[in-house]
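Residue numbers (UniProt numbering): 1 to 190.
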């Protein structure tokens with residue numbers, strides 16, 4: 001992260017919010033909770049919100065090339081929405097102050113993510129490489145050891161288990177069709 005880079009205001013904004021929250025806790029004695037939420041995906045996401053998972057799913061469903069920026073080797077981790085909700089509930093109901101990383105530590109390169117979307121939606125989907133954006137972090141992987149230890153939380157839904165539920169929801173909202181027997185509200189552990 002660069003303090004003057006294109007993305008730096010996003011990172012600095014989050015850091016400032018955490019600092020102000022902790023100052024409020026110390027100064028006013030108010031109970032606070034801080035969740036650092038990592039990439040989350042699942043049904044009911046905005047289809048064209050610009051996030052990589054929703055972009056790839058929408059592109060594949062629309063028979064458009066999946067857009068990978070750079071060489072596709074940069075990594076991210078993706079947590080299913082029900083895992084995030086469970087983590088937030090445990091955080092809010094718990095007694096621990098300070099930041100907790102809520103995310104899935106399993107990493108995927110952007111190219112691997114595109115390939116999982118291909119396998120899930122259309123094995124013939126094309127992948128198109130474009131120049132990388134400025135200040136794109138090469139790696140983003142949460143350390144969830146504090147959440148595991150103090151909240152007893154860790155993600156349960158794998159990308160390969162959760163992605164089809166998101167795809168089913170997107171397919172229905174984009175095209176109005178829905179395959180029988182699919183359930184967009186519940187993901188089983190894997």
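Cβ atoms here follow ideal geometry from the backbone N, Cα and C, with glycine treated the same way. Predicted, not measured: the structure shown is a model, and the values here were computed from it.
| query | result |
| --- | --- |
| Local conformation of residue 173 per DSSP, three classes | helix |
| Beta-bridge partners of residue 132, as assigned by DSSP | For residue 132, which the question treats as bridged, DSSP gives no partner whatsoever. |
| Helix, strand or coil at residue 167 [DSSP, three-state] | helix |
| Proximity below 8 Å, CB of residue 125 to CB of residue 60 | yes |
| Burial state of residue 155, where buried means 16 or more other Cβ atoms lie within 10 Å | buried |
| Inter-residue spacing [alpha-carbon to alpha-carbon] between residue 78 and residue 118 | 17 Å |
| Cβ-based neighbour list, residue 121, same chain, cut-off 8 Å, excluding 5 preceding and 5 following | 57, 60, 61 and 167 |
| DSSP three-state assignment for residue 8, whether helix, strand or coil | helix |
| Simplified DSSP assignment, three categories, for residue 107 | strand |
| Closest by C-alpha distance to residue 98, when choosing among 72, 8, 23 and 13 | 23 |
| Three-state secondary structure (DSSP) of residue 139 | strand |
| Other residues of its chain near residue 29: CB distance less than 7 Å, five sequence neighbours each side excluded | none |
| Reduced DSSP secondary structure (H/G/I, E/B, other) of residue 34 | strand |
| DSSP-derived helix/strand/coil call for residue 74 | coil |
| Backbone CA spacing between residue 180 and residue 150 [nearest angstrom] | Residue placement at residue 180 is flagged as unreliable, the pLDDT there being 43, under the threshold of 50; the coordinate-derived value follows with that caveat. So the two alpha carbons sit approximately 41 Å from each other. |
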